[in-house]
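>
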Amino acid sequence: MTTDTEAAVREADAFMAGKRKSDDAAFMLRRVLAEMGIRVGDRDSWPQITGRASLSGEPYVHLGSIPLATARKLIDALIYAESARRRQRDGESGHGA
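Residue numbering for the sequence shown follows our numbering, beginning at -7 and increasing consecutively.
So this is what it looks like as structure tokens:
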């Protein structure tokens, strides 16, 4: 293979690896949201989540636009989870009330 061809193959491999990682993350996010009663693919709940990758292979998840009610539900869940994590951490270290 020529140097240009080898570079193109490496770039394609990096892109596909990044795409697989982002698809896996999007899949897990869909499952978590389903557990919360948020339906991905429903325009009234959460219309779109897709795994993507840059040409360099950097994975990312595109979340699309979501209705405000869904955003608030997610915010509440994240605040509750962080609060529970802090309570557990403080309780384990003996610094809790």
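Where is the CB? At the ideal position from N, CA and C, for every residue including glycine. These numbers come from a predicted model, not from an experiment.
With 16 other CB atoms within 10 Å as the buried threshold, where does residue 32 fall?
The residue is buried, with at least 16 neighbouring Cβ atoms inside 10 Å.
> For the alpha helix (DSSP H) containing residue 107, name the first residue and the last one.
As shown, the chain starts at -7 and ends at 89. That puts residue 107 outside it, with no answer to give.
> To the nearest whole angstrom, what separates the beta carbons of residue 49 and residue 17, a pair I think is in contact under 8 angstroms?
Not a contact, Cβ separation roughly 14 angstroms.
> Less than 6 angstroms separating the Cβ of residue 58 from some heavy atom of the ligand FMN?
What this structure holds is no ligand at all, so the ligand FMN is not there to describe.
> With 16 other CB atoms within 10 Å as the buried threshold, where does residue 14 fall?
Buried, because 16 or more other Cβ atoms sit within 10 Å of the Cβ of residue 14.
> On the CB-based measure, 16 or more other CB atoms within 10 Å of its CB, does residue 60 come out buried or exposed?
Exposed, by the Cβ-count rule.
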